[in-house]
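For the protein sequence lines, the chains are A and B, in the order given. Just so you know, we're using our numbering here: the first sequence kicks off at 1 and counts up by one. Just so you know, we're using our numbering here: the second sequence kicks off at 1 and counts up by one.
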Amino acid sequence: MDILSGLMQGFAVALQPANLLWCFVGVVLGTVVGILPGLGPPATIAMLLPLTFLMNPAAAMIMLAGIYYGAKYGGSTTSILLNVPGESASVVTCLDGYAMARKGRAGAALGIAAIASFVAGTVGVIGLMLVAPPLAKMALAFSSPEYFALMALGLAMVVLLAGRSMLKALLAMLVGLWIAGIGTDPFSTTSRFTFGQLELLSGVDFVVVAIGVFALGEVLVSMQGRAEAQALPAPKGLRNLLPTLQDLKACRFAFVNGSVIGFLIGVLPGAGSTIASFISYGVEKAVSRRPQEFGSGVPEGVAAPEGANNSETGGALVPLLTLGIPGSGTTAILLAALVLWGFKPGPLFISENQALFWGLVASMYIGNVMLLVLNLPLVPLFAQVLRMPAFVLYPLILGISIVGVYSVSGSLFDVSLLVAFGLLGYLMRMLDYPSAPLVLGLVLGGAMERALRQSLMMSQGDLSILATRPISAAMLSLALLILLIPLFNKLNAWRLQALEQ
Amino acid sequence: MKVGNAELWSGLALAALGGYIIVQASRWDYMGPDGPGPGFFPLWYGVAMAALSLILMISSVVRGNRETIDWRGAGRAFLVWLALALSVVAFKLVGFLIGFAALSFFMVAVMYRRPLPVAAAVAAGLAAGFYVLFPLLLGVNLP
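Next up, the structure:
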């Protein structure tokens, strides 16, 4: 099926009234989540995942993806009005966005953020549409050794960019692999790490870990303080939100820069939208005629990072849907969602589920238009979300988390596990262990073990099979090189500098 | 506030977990007639975990890391976690709605120091909202 007919089929799915409604619900929820500091897309998607089991998978995927990219739009609002990023990808928007707001140009900053998000978000979807199908065809040549190597490479990339300490990131990933190993061995009937608990024989549900580590962990971190920040007033009226022609002219390269860099970074596992926004900002500053003014409120300083973090969404869906390899915590949860609904993300996913894939792509075009329409005139309304007191928000998150986990299994044992994983999530944040490698280790652990054992069955236990097949050898060598970076002072210094910037 | 080396303690805990994984994995088949057994993969990541956590501990001792931890903030977070754990235990005895309302009341009145009527209103409102939304509208059972 060619792209055009696929897209037509996708629009036929996405334009169904129910799917339009769920797309709208997703982008509105995403915007609200993006606005609320301390509640990110992974936590929200994890919390809502159990409720989607009642829904048609296409509608559920459209809604969850809407939350994912909608949050990127919303994240800029708090960065600009509050100087507090609604989510990590909007950190760099604070620099020029808040500076513009303090100069009385909050409306223009919000308008530029919305337009850049729309342009780059659409470019990201076009990239997804063009790149995913051929990549999936290429990946059909992969066998178990290549899959194992690919997952190892994905995990190595995540470890490389997850935080300052690669050692801690590796340890977090290994804990994820261990949690994935809890339960009955898929190749034999041996029960592993079950502590004699019958409830653990079927393993630890991904939803329990994701909600515990992300949602509960975030609530506990937020509970460390009591202070609530004060936002600058949101400008009222569409006219006050439209940037001037001069602003748009200044941003024209930033729109392209954000779109391209965001998509390319998104395709790489582990990099994520935060790094995409920082790199895009850095490139914009480097090529600007007025680099010294960055940080004091230049519109391109808002357009580049906001574009990049939206375009990244389309890029991040490429490895997820074509290879079954998520590149971040959020896409790991989306992968788990697809698996729970009975799909098998990988090279055959697009050809076997054309209506779902193209429906998702088409819904993202529609969702981006919805977000532009919503975000320009309704920013003052969305900004009201910031008025929700923390003492109402946090018990609400706890309640939704508990009900979400209970609705999956109907077991209070899982709710107890949720509480335990909430503490783990909090301790990880407190001790500076990144949570993305843990979640990716958990999501990929089962598949990775299966691929490794199948590879060794193919070779009668000879590990050299991983090194003698060219694609697998190349990917494993790259993974090894990545993991050895801390041993090379110059390279590690560059990595740390990149992370700090 | 300066505290003992948090990296050392977390490394110790992870080394213990790595040791436990190795001990458990060594009881299962490493290699069977059809290929790797159930102990194969866990043994490898158990060894990796033990080795890496030892490196973490040694490097933290060598560098003499003494991280600053906000104990007051951590105490607040642990208090909420404890309240959450107790409320989950209470679900078995009094049901979700009362247990959750008590948790919300605690968070609003004690953690955020809001007046008791406000705390009671938030707790009752949230519990009622959950009852209407989940069992009544969505048909989702509460714990």
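Just so it is clear, CB atoms sit at the ideal spot from N, CA and C, and this is done for glycine as well.
Between A:Trp341 and chain B, the shortest Cβ-Cβ separation is not below 9 Å. Using beta-carbon distances, A:Trp178 counts as an interface residue toward chain B, with a partner under 9 Å. Listed by position along chain A, the residues whose Cβ is nearer than 7 Å to that of B:Tyr131 form an empty set, because the closest Cβ is around 11 Å away. Comparing C-alpha distances from B:Ala127 to each of B:Trp28, B:Leu142, B:Leu116 and B:Arg114 shows the shortest one belongs to B:Leu142. The three-state reading of DSSP puts B:Pro38 in coil, since its state is none of H, G, I, E or B. Ranked by Cα distance from A:Val27, the first of A:Tyr426, A:Val373, A:Val392 and A:Leu481 is A:Val373. In chain order, Met107 make up the part of chain B whose C-beta sits under 7 Å from the C-beta of A:Tyr394. Look at A:Gln197: its C-beta is not under 9 Å from any C-beta on chain B.
Between the stretch 55-66 of chain A and the stretch 4-23 of chain A there are three or more inter-stretch CB-CB distances shorter than 8 Å, so the stretches are counted as touching. Listed along chain A are Asp185, Phe187, Ser188, Thr190 and Arg192, each with a C-beta nearer than 8 Å to that of B:Pro38.
The C-beta of B:Pro115 comes no closer than 9 Å to any C-beta of chain A. A buried status is given to A:Asp247, since no fewer than 16 other beta-carbon atoms sit within 10 Å of its beta-carbon. B:Thr68 has its alpha-carbon roughly 36 Å from the corresponding atom of A:Gly307.
Against chain A, the CB of B:Val62 has no partner CB under 9 Å away; the residue lies outside that interface. Here A:Pro434 is buried, its C-beta having at least 16 other C-beta atoms within 10 Å. Here A:Arg192 is bridged, per DSSP, to A:Gly183.
Boundaries of the alpha helix (DSSP H) around A:Ser280: Gly272 to Val287. Taking 9 Å as the CB threshold, B:Ala124 stays off the interface with chain A. For B:Leu136, there is no enclosing alpha helix (DSSP H), as DSSP gives it neither H nor E.
Interface criterion met: the Cβ of B:Ile69 is under 9 Å from a Cβ in chain A. Membership of A:Ser407 in the alpha helix (DSSP H) is indicated by the continuous run Ala390 to Ser409.
For A:Ser5, the uninterrupted alpha helix (DSSP H) segment begins and ends at Ile3 to Ala14.
Relative to A:Gly461, the option among B:Gly37, B:Ser10 and B:Gly11 whose CA is nearest is B:Gly37. At a cut-off of 9 Å between beta-carbon atoms, A:Gly154 makes no contact with chain B. A:Val33 is a Cβ neighbour of A:Gly40, given a cutoff of 9 Å. A:Gly461 carries a coil assignment under DSSP once its states are collapsed to helix, strand and coil.
Classified as buried, A:Val175 has 16 or more neighbouring CB atoms from the shown chains inside 10 Å of its CB. Neighbours of A:Val221 in chain B, taken as residues whose beta carbon is under 8 Å from its own, are Ala77 in chain order. Between the beta-carbon of A:Thr93 and that of A:Ala113 there is about 7 Å, and that keeps the pair under the 8 Å contact cut. Among the residues facing chain B, A:Ser407 is included, as its CB has a counterpart in that chain under 9 Å away. Segment contact: the stretch 327-338 of chain A against the stretch 286-301 of chain A, fewer than three CB-CB distances shorter than 8 Å; contact not assigned.
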